[in-house]
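Down below is the structure, laid out as C-alpha cells.
Protein chains: 2
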Amino acid sequence: MENFADRLVEAIKEKGNPICVGLDPRLDKIPAEIKRKAIAGGDKTPLAAAADAVLEFNKGTIDAVADLVPVVKPQIAFYEIFGHEGVRAYEETLKYAKEKGLITIADAKRNDIGSTAEAYAQAFLGEVSFFEDADEVITPIFDADSITINPYLGWDGVKPFVEECAKYGKGIFSLVKTSNPSSGDLQDLEMADGRSIYEVVGYLLDSWGANELGKSGYSFVGAVVGATYPEQAAKLREIMPHNIFLVPGYGAQGGGAEDVKPCFNKDGLGAIVNNSRGIIFAYEKFEMAPSEYGEAARRAVLEMKEDLARVL
Amino acid sequence: MENFADRLVEAIKEKGNPICVGLDPRLDKIPAEIKRKAIAGGDKTPLAAAADAVLEFNKGTIDAVADLVPVVKPQIAFYEIFGHEGVRAYEETLKYAKEKGLITIADAKRNDIGSTAEAYAQAFLGEVSFFEDADEVITPIFDADSITINPYLGWDGVKPFVEECAKYGKGIFSLVKTSNPSSGDLQDLEMADGRSIYEVVGYLLDSWGANELGKSGYSFVGAVVGATYPEQAAKLREIMPHNIFLVPGYGAQGGGAEDVKPCFNKDGLGAIVNNSRGIIFAYEKFEMAPSEYGEAARRAVLEMKEDLARVL
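Structural data, given as C-alpha cells:
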C-alpha cells in the first residue's frame with residue numbers, strides 16, 4: 059500500500075502547486091439555475107433538493123479545477139446542515155473528486171475515546187463489515203484519502219486512525235495551531251517547561267507519525283497549522299520536519315503568500331494550502347455571473363498558484 | 059425559552075436518578091431477528107438495512123428505559139459507520155427519544171473555526187433555512203437537546219453553539235478531562251502557573267458559561283469529565299460549581315459509584331452519569347437471550363440507580 063504522504067507529494071509535483079480547494083458550499087451562493095434544477099421534479103424533500111444542489115455545484119467546481127490542483131477538502135459541517143441527505147451529498151462529492159483524480163481530505167475534525175475513534179476511522183478511511191448472519195458485506199463508506207482529527211484526547215484517540223492509514227494507504231491531519239482568532243485561548247498558553255501547548259501538540263504529533271514515513275521522507279500523520287500565525291508556523295516547521303502541514307487561513311481568513319511561506323520546508327514541499335470561499339465563490343470577487351463560478355474558480359486557482367510561486 | 063440546565067435538573071429530579079443511557083449500537087450485538095426483519099423485503103441496500111436494524115434496536119432500548127431515566131446519548135460514530143443511511147437512523151433515534159420524553163445529547167464532539175462551528179450548531183441544535191428563491195423552508199435538522207463539543211479551538215469555536223443554546227433552550231457539554239487511558243497525554247500536562255491543562259479548560263468553560271445560568275443555578279454550558287479520574291473530577295467540581303458534568307467511564311470503562319461521587323455537588327446534583335455498553339448490551343452480562351435486551355437494559359438501569367444511590 060503506497061504511503062499517503064508519497065501520493066500527496068507526487069500529486070503536488072505533478073500539478074506544480076500545493077493548493078487544496080475547500081468545498082464548503084453555502085446554498086445562498088449557489089447559482090439559482092442549479093437550485094431550480096435541483097427542486098425540479100418535485101417529488102423530493104426540500105432537504106434532498108438542497109443536498110442535490112450542493113452536489114451539483116461541487117461537481118462544477120471539481121470539473122473546473124481537477125486538472126489544476128492536487129487536493130480538495132469538503133468541510134462536513136456544510137453538508138450535515140442538511141442532515142442525512144447532506145451526508146449523502148458529502149459521500150458523492152468525495153467519490154466524484156476521487157474519480158477525477160483528486161486526493162481528498164474529509165475535513166471532519168473527528169476524535170473520541172479509542173473504541174469510538176475506531177468506528178470513525180473505519181467509516182472515513184477504512185472499510186466496514188456487516189450482516190454476518192446473512193451474506194457478509196464489506197465496503198468502504200466515505201472512502202476519503204485522509205481526514206482531519208482533533209488531538210485533545212491523546213494517543214489512544216489517534217491510534218485507530220493511524221492503523222487504518224497504514225492498512226489502506228490513507229492519511230490524517232491533526233489540529234495543532236488553528237487559524238481562528240481565538241485559537242490562542244488554549245493553544246498559546248505557556249507550559250511549565252516554557253513551551254506553548256501548540257508546540258507540545260507538535261512534538262506529540264511528530265512522535266505519533268515517526269514510524270510512518272514514506273519514501274518522500276514525509277509521514278502520513280499531518281498537521282493543521284493556520285496561515286494566520288506565521289511565527290508559530292515557523293516554530294512548528296522546525297519541531298515537525300516530517301509532517302505535512304494542511305494550512306487553512308489563506309484568502310478569506312486573511313493569510314497571504316508571505317504568511318504561508320514558513321509552513322514549507324526548504325525543498326518547497328511539506329505543506330498544502332487551503333482556500334475555500336476565495337475559490338469556490340470567486341465569481342463574487344471577479345464580479346462575474348454566479349453561473350460562471352467554475353470559470354471564476356479556475357481563474358482564482360491560477361492567481362493563487364502564481365501568488366504562492368512568488369514565495370516558494 | 060427554558061434554560062437547558064433547568065430542564066435537565068427537573069428531569070433528574072422527576073426520574074430520581076442522573077443516568078444517561080449511551081445508545082452506541084454495534085451490529086454484531088443486535089439480536090438476529092431484528093437484523094433479519096431489517097433485511098426482509100430485499101429492495102433496500104445493505105447499508106439501509108443495517109441502519110434500520112440499529113434504529114429498531116434503539117427503539118426497543120428507549121421503550122424499555124424511557125420511564126426510568128432522564129437522558130439518552132447516541133454516539134454518532136456508531137451511525138456514521140453506515141454512511142448517510144446511518145445518519146438517517148441517528149436523526150430518527152433522536153426524534154424517537156424526544157417523543158418518549160427523554161432529553162437527548164448528540165455525542166458528536168464537534169468543533170471548528172467560527173463560521174464552520176455555526177453550521178454545526180445550526181444543524182445539531184437550531185434550525186436551518188434554505189431555498190430562498192422558491193418557498194423558504196425553515197426546519198430543525200437533528201434537533202438534539204444538547205451536543206458534546208471539543209474546546210481545542212477556543213472561544214470563537216464555542217460561541218456559535220452558546221448562541222444557538224440561548225435561542226433554542228439547548229445545551230453543550232465540552233470535553234474537559236476525558237475518560238480514556240491516554241487522556242493525560244495532553245490534558246494532564248503542567249502549565250507555567252502550576253495548573254494542568256484540564257484545569258485551565260475548566261476555568262475557560264466556567265467563564266464561557268457564566269452568563270448562562272438557569273433558575274437551578276446551573277449553566278447550559280456543561281463539561282465532560284471522566285469517571286475514571288476521580289481526583290481530577292474533584293478539582294474540577296471546585297473550579298466549575300455551576301457547570302453540569304456529563305460523566306462517561308462508568309461500567310465498561312472501569313468507573314464505579316465511588317469514582318463518580320466527586321463529580322456531584324453537595325446537593326446531589328450537577329452531574330449525569332453515562333453508561334452505554336453496560337445497559338444496551340446488558341443481556342450479555344445477565345446471560346439472557348439477545349432478544350431480551352430491553353428487559354436486560356431495564357434491569358441494568360435499576361441496578362445502576364441503586365449503585366449510585368449508595369453514594370449520592
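Quick mapping for you: the protein sequence lines, in order, are chains A and B. Under our numbering, the letters of the first sequence match residues 59 to 370, in that order. Under our numbering, the letters of the second sequence match residues 59 to 370, in that order. Note that beta-carbon positions come from the ideal geometry of N, C-alpha and C, so glycine has one too.
Contact defined as beta carbons within less than 8 Å: I believe Val-67(B) pairs with Val-359(B). What is the distance between those atoms, to the nearest angstrom?
That belief does not hold up - the Cβ atoms of Val-67(B) and Val-359(B) are roughly 20 Å apart, past 8 Å.
Across which residues does DSSP place Gly-280(B) in a beta bridge pair?
Listed as beta-bridge partners of Gly-280(B) by DSSP are Phe-231(B).
Between the segment 163-190 of chain A and chain B, which residues of the former have a C-beta closer than 7 Å to a C-beta of the latter?
Lys-167, Asn-169, Asp-170, Ile-171, Gly-172, Thr-174, Ala-177, Tyr-178, Gln-180, Ala-181, Val-186, Phe-188, Phe-189 and Glu-190
Neighbouring residues, chain A, relative to Tyr-210(B) (Cβ below 8 Å):
Asn-208, Pro-209, Tyr-210, Leu-233, Thr-236, Leu-244 and Gln-245
Please tell me whether Tyr-210(B) and Val-234(B) are closer than 9 Å, where the distance is taken between their beta carbons.
no
When we look at the beta-carbon of Lys-228(A) and count the other beta-carbons within 10 Å, is it buried (16 or more) or exposed?
Its Cβ being crowded by 16 or more others within 10 Å, Lys-228(A) is buried.
6 Å CB neighbourhood of Ala-90(B) in its chain, flanking five on each side removed:
none
Excluding the five sequence neighbours on either side, which residues of its own chain have a C-beta within less than 6 Å of the C-beta of Lys-93(B), listed in chain order?
Ala-111
Where Val-129(B) falls: helix, strand or coil (DSSP)
Residue state for Val-129(B) is assigned as strand, using DSSP reduced to three classes.
For Val-145(A), which residues in the same chain have their Cβ closer than 7 Å to its Cβ, ignoring the five residues on either side in sequence?
Tyr-137 and Glu-138
What does Phe-136(B) touch in chain A if you count any residue whose Cβ is under 7 Å from its own?
Ala-177
Inside the segment 69-115 of chain A only - alpha helix (DSSP H) runs reaching at least 4 residues:
90-97
Check whether the segment 197-217 of chain A and the segment 167-180 of chain A are in contact - that is, three or more C-beta pairs closer than 8 Å.
yes
Per-residue DSSP class, three states only, for Ala-244(A)
Reading the sequence as shown, one finds Leu at residue 244(A) and not Ala. Helix.
Same chain, Cβ closer than 8 Å to Gly-74(A), five either side skipped, listed in chain order:
Lys-363
If we call anything under 9 Å between Cβ atoms a contact, is Ala-166(B) one with Ala-175(A)?
No, these two residues do not count as a Cβ contact at 9 Å.
Which residues DSSP lists as bridging Thr-197(A), in chain order
Val-186(A)
How long is the line joining the alpha carbons of Leu-304(B) and Ser-277(B), rounded to whole angstroms?
Between the alpha carbons of Leu-304(B) and Ser-277(B) lies a distance of about 13 Å.
Where Ala-177(A) and Val-216(B) are concerned, what is the direct C-alpha to C-alpha distance, given to the nearest angstrom?
25 Å
With a threshold of 9 Å between beta-carbons, can Ala-340(B) be considered close to chain A, or not?
no
Candidates Phe-188(B), Phe-322(B), Gln-133(B) and Val-220(B), of which the one nearest Ala-109(A) by Cα:
Phe-188(B)
Do you know how far the Cα of Asp-201(A) is from the Cα of Ala-118(A)?
Inspection of the sequence shows that residue 118(A) is occupied by Gly rather than by Ala. Distance between the alpha carbons of Gly-118(A) and Asp-201(A) is about 21 Å.
Just checking my contact of Arg-357(A) with Ala-340(A) at CB under 8 Å: how many whole Å lie between their CB atoms?
7 Å
Whole alpha helix (DSSP H) elements within the segment 283-325 of chain A, 4-residue minimum:
Counting whole runs of 4 or more residues, the segment 283-325 of chain A contains the alpha helix (DSSP H) stretches 288-297 and 315-318.
Beta-ladder partner(s) of Arg-168(B), from DSSP
Ile-207(B)
Is it buried or exposed, Met-298(B), if we count other Cβ atoms within 10 angstroms and call 16 or more buried?
buried
Among Ile-120(A), Phe-115(A) and Asn-61(A), which residue has its Cα nearest to the Cα of Arg-84(A)?
Phe-115(A)
Please decide whether Gly-141(B) counts as near chain A, where near means a Cβ-Cβ distance under 9 Å.
yes
Does DSSP put Thr-162(A) in a helix, a strand or coil?
strand
If Pro-132(A) and Ile-70(A) are in contact, beta carbons under 8 Å, what's the gap, nearest whole angstrom?
Pro-132(A) to Ile-70(A), Cβ: 19 Å. No contact.
Check the DSSP bridge columns for Leu-375(B) and list the partner residues they point to.
Past the edges of chain B, shown from 59 to 370, lies residue 375(B), and the structure says nothing about it.
Nearest to Leu-105(A) by alpha carbon, out of Leu-183(B), Pro-198(B) and Gly-184(B)?
When C-alpha distances from Leu-105(A) are compared across Leu-183(B), Pro-198(B) and Gly-184(B), the shortest belongs to Pro-198(B).
Among Glu-221(B), Val-279(B) and Val-258(B), which has the Cα closest to the Cα of Ala-268(B)?
Val-279(B)
Taking 8 Å as the limit between beta carbons, can you name the residues of its chain near Lys-343(A), skipping five residues before and five after?
Gly-336, Ala-354 and Ala-358
Terminal residues of the alpha helix (DSSP H) in which Ala-202(A) lies
That residue, Ala-202(A), is in no alpha helix (DSSP H); it is neither H nor E in DSSP.
Mind checking Ala-250(B): buried by the 16 CB within 10 Å criterion, or exposed?
Ala-250(B) comes out exposed.
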